[in-house]
Amino acid sequence: MSNRGTVQKPLSDGEILEFGAAVMQQLGRGIDPEKARYYIGNKSQLGKDLRKLGIHQMPEFDSAEWERFYTKRFSHSVDLSGMHVPPKPGYSCRGIVIIPGVTNNIVFDACTKAFKSWRYTDDLNTVTDVVKRPDGPYVVWVRDVVEADEEMKDKSAEDIEKTGINTMTLKERMVLELKYFDETGKHLDIENWTLCSGSRGSGGGVPGALWRGGEFGVGWCFPDDRDSYLRARVAVS
Numbered sequence: 098m099s100n101r102g103t104v105q106k107p108l109s110d111g112e113i114l115e116f117g118a119a120v121m122q123q124l125g126r127g128i129d130p131e132k133a134r135y136y137i138g139n140k141s142q143l144g145k146d147l148r149k150l151g152i153h154q155m156p157e158f159d160s161a162e163w164e165r166f167y168t169k170r171f172s173h174s175v176d177l178s179g180m181h182v183p184p185k186p187g188y189s190c191r192g193i194v195i196i197p198g199v200t201n202n203i204v205f206d207a208c209t210k211a212f213k214s215w216r217y218t219d220d221l222n223t224v225t226d227v228v229k230r231p232d233g234p235y236v237v238w239v240r241d242v243v244e245a246d247e248e249m250k251d252k253s254a255e256d257i258e259k260t261g262i263n264t265m266t267l268k269e270r271m272v273l274e275l276k277y278f279d280e281t282g283k284h285l286d287i288e289n290w291t292l293c294s295g296s297r298g299s300g301g302g303v304p305g306a307l308w309r310g311g312e313f314g315v316g317w318c319f320p321d322d323r324d325s326y327l328r329a330r331v332a333v334s
């Protein structure tokens with residue numbers, strides 16, 4: 098076993114299958130039917146109990162802090178015990194928690210209550226995601242930087258989609274803005290735009306977010322637009 102804090106190579110799909118087969122081989126048919134059926138219907142509790150055994154690795158993450166955040170900003174009482182948390186990258190990053198039921202419009206409205214904001218359309222719920230995310234509450238890791246990722250400049254949403262890079266959605270970017278403001282009283286993307294290439298507008302446009310002139314803004318661009326100031330944020334989900 099590696100020491101705590103050591104960045105470990107994630108299990109391959111083959112290793113995961115091999116481990117699952119080994120567990121089933123050891124369990125045989127001596128599984129308690131009542132407990133098995135309980136966990137089938139309570140998968141989040143299964144994950145919680147596996148973490149207690151040290152089998153399910155959970156990166157260091159303050160879920161209580163995020164429960165307070167959602168209560169404060171959205172009046173949502175949430176239980177994040179069964180949340181999907183991917184392995185934390187080895188570089189400096191922060192985790193963003195997204196919960197079901199909180200729409201793009203709800204997040205934007207929370208932004209307007211915290212600071213001046215504008216958007217290119219009255220209905221941001223017409224924006225949909227083109228990247229895969231878990232159905233339940235989840236964490237997405239992004240670089241802990243003020244300006245969107247330098248390495249992603251001059252890459253259009255089409256370029257990103259072709260290469261299969263996982264990037265932030267509009268909702269994730271707006272939640273990041275709120276959380277960063279709560280922690281620092283400051284804002285992100287003062288000089289550049291976050292190209293939210295994980296999402297698309299109803300007409301195929303790509304949303305983006307920035308801070309300009311004392312306001313948080315949600316704008317859009319074409320899928321093939323590329324520039325040094327248009328930068329996606331790489332996501333690990």
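Residues in the sequence shown are numbered from 98 upward in steps of one, following the numbering used here.
We treat Cβ as the ideally placed atom computed from N, Cα and C, and that holds for glycine.
Please read these numbers as outputs of a predicted model, since none were measured by experiment.
Decide if residue i is buried, meaning its Cβ has at least 16 other Cβ atoms within 10 Å, or exposed.
i	result
Tyr135	exposed
Met121	exposed
Asp232	exposed
Asn222	exposed
Val104	A caution first: Val104 carries a pLDDT of 37, below 50, which makes its placement in the model too unreliable to give a value.
Ala119	exposed
Asp246	buried
Ala161	exposed
Ala133	exposed
Glu350	Residue 350 is absent from the structure shown; the chain starts at 98 and stops at 334.
Ser178	exposed
Asn201	buried
Ser172	exposed
Gly295	buried
Pro234	buried
Looking only at DSSP bridge pairs, what is residue i linked to?
i	result
Asp226	Ser296
Tyr136	Answer is none; Tyr136 lacks a bridge partner.
Arg191	Val239
Trp215	Gly314
Taking residue i and residue j to be in contact with their CB atoms under 8 Å, please state how far apart those CB atoms are, rounded to whole angstroms.
i	j	result
Leu307	Asp286	4 Å
Val228	Met180	With a Cβ gap of about 18 Å, Val228 and Met180 do not count as contacting.
Leu292	Leu267	Rounded, the Cβ-Cβ distance is 10 Å, inconsistent with contact.
Trp238	Val175	So it is not a contact: roughly 19 Å between Cβ atoms.
Asn263	Val315	That pair is no contact at about 21 Å.
Gly301	Trp290	So it is not a contact: roughly 18 Å between Cβ atoms.
Ser214	Glu115	Not a contact, Cβ separation roughly 49 Å.
Gly298	Val224	5 Å
**Item:** Three CB pairs or more closer than 8 Å across the stretch 314-334 and the stretch 253-269
**Value:** yes
**Request:** Decide if the stretch 163-174 is in contact with the stretch 192-200; the criterion is three or more beta carbon pairs, one per stretch, under 8 Å apart.
**Result:** yes
**Message:** If contact is defined by three or more beta carbon pairs under 8 Å, each pair taking one atom from either stretch, is the stretch 271-282 in contact with the stretch 181-188?
**Reply:** no
**Request:** Scan the stretch 238-291 and note each continuous alpha helix (DSSP H) run of 4 residues or more that stays entirely inside, going in chain order.
**Result:** 254-260, 267-281
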